[in-house]
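Enquirer: Below is one structure. I have some questions about it.
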Ligand SMILES: [Fe+2]
Ligand SMILES: [Fe+2]
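In the working numbering, the protein residues as written are 1457 to 1685.
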């Protein structure tokens, strides 16, 4: 079932507004405006992965939304603790209230990693991501919107992008938390990540890195189903 692109970008926006802290959301918004708008582009340009039942390919927005929902739902459970974040102890409150009480930098880390992980899936490869932050040109954005195929370098590209902005991250996250976000982005494709090396293992990585990879694989393999759209 093909869904309108704006449905998923709007769903992402409202889920983040309910779940993230104001500071975490502000920081993420600052990142997003620097990145290409590829939300309505297919998650797999070869149509090999990210297929729905009818054979159509999900968009990056739909893929991202699925991952966010799958990450947030366990945190809402009163009997669950994930990544050291205790699930909600509130049983009778509505979902909105539960999310409000869950707000923390730890949840921000999960949300930011998911939202950012594929934002450079279509490049840009021709923009120097190590340029100073105030580099104002949008040539890179435009090329990413037109580029036909996804790039396998995207985990490295987005990790380097955040790495370059770590002074901004220091306003909200600790050094360790920023390192965890960068690592999760860098290795979200597991052993297929460009920086993985020959002997890649998740054993030496943070749980956030494995969690992001797990959600990514589940969504790419159509193993996350959102009942009711
Ligand atoms: Fe990816
Ligand atoms: Fe992905």
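From the three backbone atoms N, C-alpha and C, an ideal C-beta is built for every residue, glycine too.
Values in this document were obtained by computation on a predicted structure and should not be read as measured data.
Rounded to the nearest angstrom, how far is the Cβ of residue 1520 from that of residue 1468, given a contact under 8 Å?
Expert: 6 Å
Enquirer: In its own chain, which residues sit with a C-beta less than 7 Å from the C-beta of residue 1610, not counting the 5 before and 5 after it?
Expert: 1574, 1576 and 1577
Enquirer: Indicate, with yes or no, if ligand 1 has a heavy atom lying under 6 Å from the CB of residue 1574.
Expert: yes
Enquirer: Roughly how many angstroms separate the alpha carbons of residue 1651 and residue 1634, rounded to a whole number?
Expert: If you take the alpha carbons of residue 1651 and residue 1634, they lie about 18 Å apart.
Enquirer: Going by alpha carbons, who is nearest to residue 1472 out of 1506, 1535 and 1561?
Expert: When C-alpha distances from residue 1472 are compared across 1506, 1535 and 1561, the shortest belongs to 1561.
Enquirer: On the three-pair Cβ rule with 8 Å, is the segment 1499 to 1506 touching the segment 1614 to 1624?
Expert: no
Enquirer: What are the start and end residues of the alpha helix (DSSP H) that includes residue 1646?
Expert: Note, residue 1646: premise wrong, no alpha helix (DSSP H); not H, not E.
Enquirer: Using a Cβ-Cβ cut-off of 7 Å (strictly less than) and excluding sequence neighbours within five positions of residue 1681, which residues of its own chain qualify?
Expert: none
Enquirer: What is the C-beta distance between residue 1539 and residue 1664, in whole angstroms, given that I count them as a contact (C-beta under 8 Å)?
Expert: 6 Å
Enquirer: Can residue 1651 be considered in contact with ligand 2, in the sense that its beta carbon sits closer than 6 Å to one or more heavy atoms?
Expert: no
Enquirer: Output yes or no for whether 7 Å exceeds the beta carbon distance between residue 1670 and residue 1658.
Expert: no
Enquirer: Measuring CA to CA, which of 1478, 1506 and 1571 is closest to residue 1493?
Expert: 1571
Enquirer: Quick check on the DSSP output: the alpha helix (DSSP H) that includes residue 1678 runs from which residue to which?
Expert: Element bounds for residue 1678: n/a, residue is neither H nor E.
Enquirer: Apart from the five residues just before and just after residue 1525, which ones in its own chain have a Cβ nearer than 8 Å to its Cβ?
Expert: 1471, 1680 and 1682
Enquirer: Helix, strand or coil, according to DSSP, for residue 1493 in the structure here?
Expert: coil
Enquirer: Is it the case that the CB of residue 1627 approaches a heavy atom of ligand 2 more closely than 6 Å?
Expert: no
Enquirer: For residue 1672, is the beta carbon positioned less than 6 Å from some heavy atom of ligand 2?
Expert: yes
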